[in-house]
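Asker: Dumping the structure here so I can ask a few things about it.
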Amino acid sequence: MTTPATELNSIIGSELDSDADQFLTFVLGEEEYGVDILRVQEIKGWDSVTPIPNTPEYIKGVINLRGTIVPIVDLRQRFNMPEVEYGPITVVIVLKIECEDRDRIMGIVVDGVSDVYDVPPEEMKDAPDFGSVVDTEFVRGLATVDEKMIIILDIDHLLSGSELQAADSISG
Amino acid sequence: MAQFHQTFFEESFEGLDIMENELLNLDVGNADNESINTIFRSAHSIKGGSGTFGFTAIAEFTHVAETLLDEMRDGVRQVDQVSVDLLLKSVDVMRDMLTVYKDGGDMDADNIAAVQTELENLLGAGGSSTSADDSGSTTENTASAGWIISFKPHVEMLRTGNDPIRMLHALSELGEIEVVADISELPTFADFNPEDSFISWEITLTGDIKKEDVTEVFDWVEDECDLDIKPIASESESPAFESSETTPADVEASSTKQPAAKQAAAKKGGGESASIRVGIDKVDEIINLVGELVITQSMLGQIGGEIGSDADHNSNRMEKLLEGLAQLERNTREIQESVMRIRMLPISFVFSRVPRLVHDLSGKLNKKVELVTLGESTELDKTVMEKIGDPMVHLVRNALDHGIETPEQRLEAGKPETGTLTLNAYHKGGSIVIEITDDGAGVNKERVLNKARANGLVGENEVLSDDAINDLIFNPGLSTAETLSDVSGRGVGMDVVRKNIKSLGGSVRVDSVEGKGSVFTIQLPLTLAILDGQLVKVAEETFVVPLVSIIESIQVKAENLNGIAGKADLYKLRDEYIPVIRADHVFGMSNSQASLNDRLMVVVEGDGKKAGIIVDDLLAQQQVVIKSLETNYQRVDGLSGATILGDGTVALILDIAGIIDMFKEKSAPVPPAPKGNGTDSDIADEAA
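Quick mapping for you: the protein sequence lines, in order, are chains A and B. Start counting at 1 in the first sequence, then tack on 490, and there's your number in my numbering. Start counting at 1 in the second sequence, then tack on 3, and there's your number in my numbering.
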């Protein structure tokens with residue numbers, strides 16, 4: 491059974507494993523996190539934002555992304571990690587979030603972008619409950635690449651509107 | 004296929020609107036050929052389309068209506084009120100059927116059958132005739148010894164891919180054929196365009212041939228040629244025919260008139276097709292991109308200006324660059340204006356719903372009403388248009404039901420028997436004003452006031468100005484109609500009208516003179532996409548205050564400030580006290596208790612409530628494009644959206660009514676948790 495994709499891969503001699511998902515990884519402190527690369531719209535340097543009043547601390551504000559108003563979330567603050575000064579390699583990863591009703595665009599502030607990895611589904615492990623640092627409900631699974639552990643995030647859940655609202659009401 | 008369906012439905016609904024409009028405008032008894040042609044063409048294309056897509060029920064029904072129209076078009080049938088009403092009913096039936104095909108659901112088969120029977124009865128009864136060149140008629144089944152066909156293609160017929168030779172071949176298969184070509188129209192060789200058709204034919208077809216078979220050959224070119232099919236020797240053959248046939252003079256008159264009318268119609272058709280159908284999302288995308296362009300342009304302009312002022316670079320080339328930048332600025336602004344105009348449509352789209360309503364309602368209420376519409380070409384944004392339709396229709400209903408009196412009452416009051424309802428639209432500043440004027444009874448102030456007193460809206464001894472009394476009718480639960488009808492008067496309505504209009508950022512008010520009539524005036528922003536804003540600075544951030552909600556901006560004078568329980572401040576503004584809102588507190592951006600003396604205060608009104616908002620600075624006034632925060636985030640209290648400023652940064656737009664509400668809540672003991680900016684440390688102190 492050859493699907494068009496595998497056929498194409500064999501033709502162009504690509505080493506792409508058609509079953510493997512690709513993940514863009516980034517670092518927060520010592521940890522490496524991954525997001526589905528198909529959700530990544532763009533990566534841009536940190537620039538000033540317009541803060542929105544009366545929103546949770548981790549909502550840094552909104553930016554103008556080619557005419558659209560896009561909210562920016564500080565992932566460190568979202569995960570209750572210690573804050574750091576934003577530096578020259580601090581980047582914003584602009585992601586597409588699929589909510590129940592529609593797609594949204596959001597940006598996350600991370601310490602820096604790391605790499606792109608192929609992760610076959612069978613290598614994805616369920617996340618154990620690892621306490622307070624990152625709530626397991628935001629984690630899709632764990633993957634090991636080159637002896638490193640990568641935490642694959644469930645971004646829809648992480649940044650969805652209902653989640654924001656829930657957080658909003660707690661912090662408010 | 005589905006995409007064609009969509010287009011078919013859109014076009015058919017439009018066609019029905021056209022039919023309805025033309026029918027209402029028909030001068031009964033003296034209908035002009037062009038209107039009937041227009042109606043006929045709409046019906047015809049609906050029939051054709053629905054046949055193609057397999058919506059046979061519509062095709063069949065439309066066919067009957069079309070037959071009636073065809074008789075009118077040929078002058079065989081008088082255009083009388085009965086048939087016009089019946090055709091209007093048919094339009095409704097067709098609209099219902101289309102809706103069922105489009106959205107699913109069940110057809111009202113009884114109603115369809117009833118109207119169809121009515122149509123058929125009318126066709127049968129009024130049938131002093133079956134016209135000889137009645138191409139679409141079902142009653143037509145005459146066969147004769149043969150036919151004389153005069154076939155004159157329009158110049159452009161060949162371009163539609165129809166070949167006369169093929170048609171002649173097809174005819175020759177039906178019977179014995181004799182063709183005479185008329186080449187008198189043929190131009191000189193120099194002017195000859197091989198893609199145009201100049202030849203016409205006189206065809207004599209003999210044999211026992213049904214008329215349908217003949218017309219079928221010409222089915223595809225019906226609209227692209229002048230076609231006349233006459234039975235051979237019709238003059239001598241049947242007396243019945245002769246009696247129904249119009250006199251030769253009439254024939255001539257109508258046959259010369261008809262092509263003229265057709266041509267005029269064709270010209271009009273050409274004008275209609277000069278527009279294209281574009282999805283609104285595509286337009287919005289362009290608007291977004293142009294917004295970006297404007298920002299880029301202003302950025303370039305700024306850099307250009309900076310370099311230009313640098314003396315070292317002040318060369319010839321620099322001058323050219325600055326010139327180019329100025330040119331860019333002009334062009335960009337023009338593009339922006341044109342793009343915004345794409346979304347603008349004439350208000351006739353809304354007004355066109357009214358004639359039918361007036362026609363139906365005046366019949367139902369036994370009132371005589373003349374409708375006058377003015378300023379139909381006044382343009383406003385599509386989104387506003389979609390939302391203003393229902394409130395406006397409600398006001399019209401109201402004017403007909405409560406405003407205009409019955410003919411007897413009117414005569415008694417010394418007024419003409421026929422009431423006048425006037426719709427007027429015009430631009431005023433950045434808004435559109437719609438006036439709905441009737442010369443009816445006006446608002447009965449005493450009754451309104453009594454009712455309001457009975458409902459406890461107004462105190463027993465309160466004295467109200469006339470305007471205030473008129474304004475009461477927008478209160479919920481105040482309907483003064485003596486009899487409730489299914490037209491209006493359920494006591495919900497006027498308040499909903501006001502609410503809807505307010506939600507669009509507009510206002511509605513009524514001026515009324517008892518016995519003389521009322522004027523309802525709706526004022527709306529031209530577009531929901533743009534807002535006139537005052538930029539203000541609060542705690543280092545720029546915010547936009549909608550200009551419509553600003554009453555004035557003043558400098559706070561300490562002697563006019565009054566504290567209440569040490570919490571809220573009230574400001575004495577002339578003869579009233581307004582609450583003072585510290586915007587930075589409401590937004591939790593700072594907690595500075597700095598003296599308010601000499602600070603700037605913007606006096607605003609939202610939802611009928613006034614307040615003063617303390618700001619740090621007043622910046623420019625400018626038009627801003629409104630962007631939703633909800634697209635990618637969510638609604639935020641006190642903000643109605645965001646906009647992008649000239650330098651590309653985002654500024655938030657204040658929702659004045661929301662802020663006033665927030666302020667009230669915040670005046671309650673629990674303070675907000677302010678956000679960021681290093682002021683966190685002193686929150687706790689302020690909590691008390």
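Every residue gets a Cβ at the ideal spot worked out from N, C-alpha and C, and that includes glycine. Note that the coordinates shown come from a computational prediction; the quantities given were computed from them, not determined experimentally.
Return the first residue and the last residue of the alpha helix (DSSP H) that residue 288 of chain B is part of.
Answerer: Looking at the DSSP string, the run of the alpha helix (DSSP H) that includes residue 288 of chain B is 283-312.
Asker: Provide the residue span of the alpha helix (DSSP H) that contains residue 474 of chain B, from first to last.
Answerer: Residue 474 of chain B -> alpha helix (DSSP H) spans 469-475.
Asker: Just how far apart, CA to CA, sit residue 524 of chain A and residue 302 of chain B?
Answerer: Approximately 36 Å between the Cα atoms of the pair.
Asker: With DSSP collapsed to three states, give me the class of residue 537 of chain A.
Answerer: Correct three-state label for residue 537 of chain A: coil.
Asker: First and last residue of the beta strand (DSSP E) that includes residue 352 of chain B?
Answerer: That residue, residue 352 of chain B, is in no beta strand (DSSP E); its alpha helix (DSSP H) goes 351-354.
Asker: According to the neighbour-count rule (16 or more other Cβ atoms, all chains shown, within 10 Å of its Cβ), is residue 630 of chain A buried or exposed?
Answerer: Its Cβ being crowded by 16 or more others within 10 Å, residue 630 of chain A is buried.
Asker: Tell me, please, whether the CB atom of residue 630 of chain B is closer than 8 Å to any CB atom in chain A?
Answerer: So yes, residue 630 of chain B belongs to the interface.
Asker: Would you mind telling me which residues of chain B sit closer than 8 Å to residue 610 of chain A, beta carbon to beta carbon, in chain order?
Answerer: Neighbours of residue 610 of chain A on chain B: none; closest Cβ ~32 Å, over 8 Å.
Asker: Classify residue 687 of chain B: buried if its beta carbon has 16 or more other beta carbons within 10 angstroms, exposed otherwise.
Answerer: Per-residue confidence for residue 687 of chain B stands at a pLDDT of 36, beneath the threshold of 50, marking its modelled position as unreliable; no derived number is given.
Asker: Output, in sequence order along the chain, the residues in the segment 589-603 of chain A whose CB is closer than 8 Å to any CB in chain B.
Answerer: So the list reads 594, 595 and 596, given in the order they occur along the chain.
Asker: Measure from the alpha carbon of residue 15 of chain B to the alpha carbon of each residue in B:50, B:36, B:28 and B:25, then state which is nearest.
Answerer: Taking only the C-alpha atoms, the option nearest residue 15 of chain B is B:50.
Asker: Looking at the secondary structure, which residues open and close the beta strand (DSSP E) in which residue 579 of chain B lies?
Answerer: It spans 579-585 - the beta strand (DSSP E) in which residue 579 of chain B sits, taken as one unbroken run.
Asker: Determine, for residue 548 of chain B, whether the minimum Cβ-Cβ distance to residues of chain A falls below 8 Å.
Answerer: No, residue 548 of chain B does not count as interfacial toward chain A.
Asker: Please return the same chain residues whose Cβ sits closer than 7 Å to the Cβ of residue 11 of chain B, not counting the five positions on each side in sequence.
Answerer: Excluding sequence neighbours, residue 11 of chain B sits near 52 and 56.
Asker: Can you tell me where the beta strand (DSSP E) with residue 515 of chain A in it begins and where it stops?
Answerer: 511-518 is the span of the beta strand (DSSP E), which, as asked, contains residue 515 of chain A.
Asker: Helix, strand or coil, according to DSSP, for residue 540 of chain B in the structure here?
Answerer: Residue state, collapsed to three classes: strand.
Asker: Please name the residues in the segment 645-663 of chain B whose beta-carbon is closer than 8 Å to at least one beta-carbon of chain A, in chain order.
Answerer: So the list reads 645, 647, 651, 652, 653, 654 and 655, given in the order they occur along the chain.
Asker: Taking the beta strand (DSSP E) that residue 527 of chain B belongs to, which residues open and close that run?
Answerer: Looking at the DSSP string, the run of the beta strand (DSSP E) that includes residue 527 of chain B is 520-528.
Asker: Can at least three beta-carbon pairs, one atom from the segment 636-648 of chain B and one from the segment 658-667 of chain B, be found at a separation below 8 Å?
Answerer: Yes: at least three Cβ pairs fall under 8 Å.
Asker: From residue 107 of chain B to residue 528 of chain B, what does the alpha carbon distance come to, in whole angstroms?
Answerer: If I take the Cα positions, the gap works out to 36 Å.
Asker: Quick one: which unbroken beta strand (DSSP E) runs of 3-plus residues sit fully inside the segment 334-400 of chain B? Chain order, please.
Answerer: Those beta strand (DSSP E) runs which fall completely within the segment 334-400 of chain B and span 3+ residues are 347-349, 372-377 and 382-384.
Asker: Secondary structure at residue 560 of chain B, three-state DSSP: helix, strand or coil?
Answerer: Three-state result, residue 560 of chain B: coil.
Asker: Determine the direct distance from the alpha carbon of residue 583 of chain B to that of residue 365 of chain B, and round the result to whole angstroms.
Answerer: So the alpha carbons of these two residues sit roughly 52 Å apart.
Asker: Please confirm if residue 461 of chain B has its CB atom under 8 Å from at least one CB of chain A.
Answerer: No, its Cβ sits nowhere closer than 8 Å to a Cβ of chain A.
Asker: Interface residues of chain A around residue 640 of chain B at Cβ under 9 Å?
Answerer: The answer, in chain order, is 543 and 544.
Asker: Using the Cα positions of residue 223 of chain B and residue 349 of chain B, report the straight-line distance between them to the nearest angstrom.
Answerer: Between residue 223 of chain B and residue 349 of chain B, the C-alpha separation is close to 35 Å.
Asker: What number of angstroms, rounded off, separates the C-alpha of residue 282 of chain B from the C-alpha of residue 384 of chain B?
Answerer: In a straight line, the C-alpha of residue 282 of chain B is about 15 Å away from that of residue 384 of chain B.
Asker: Say whether the segment 18-27 of chain B touches the segment 37-45 of chain B, bearing in mind that this needs 3 or more beta-carbon pairs closer than 8 Å, one atom from each stretch.
Answerer: They touch, by the three-pair rule.
Asker: Could you spell out where the alpha helix (DSSP H) holding residue 218 of chain B opens and where it closes?
Answerer: Per DSSP, residue 218 of chain B belongs to the alpha helix (DSSP H) from 214-220.
Asker: Return the CA-CA distance between residue 97 of chain B and residue 91 of chain B, expressed in angstroms with no decimal places.
Answerer: Roughly 10 Å separates the two Cα atoms.
Asker: Between B:304, B:228 and B:347, which lies nearest to residue 335 of chain B when the distance is taken from Cα to Cα?
Answerer: Of the candidates B:304, B:228 and B:347, the one whose C-alpha sits nearest the C-alpha of residue 335 of chain B is B:304.
Asker: For the alpha helix (DSSP H) that residue 36 of chain B lies in, which residues bound it at each end?
Answerer: Counting along the chain, the alpha helix (DSSP H) containing residue 36 of chain B begins and ends at 36-55.
Asker: Give me the chain B residues within the contact set of residue 574 of chain A, using Cβ-Cβ distance strictly less than 7 Å, ordered along the chain.
Answerer: Going along chain B, no residue has its Cβ under 7 Å from residue 574 of chain A, so there is no contact; the nearest lies around 15 Å.
Asker: Between the beta-carbon of residue 174 of chain B and the beta-carbon of residue 206 of chain B, is there less than 8 Å?
Answerer: Yes, the pair counts as a contact, with Cβ atoms nearer than the cut-off.
Asker: Work out the CA separation of residue 592 of chain A and residue 95 of chain B for me, nearest whole Å.
Answerer: Whole-angstrom Cα-Cα distance: 36 Å.
Asker: Could you give the first and the last residue of the continuous alpha helix (DSSP H) run that contains residue 280 of chain B?
Answerer: Segment: none, residue 280 of chain B is in no alpha helix (DSSP H) and carries neither H nor E.
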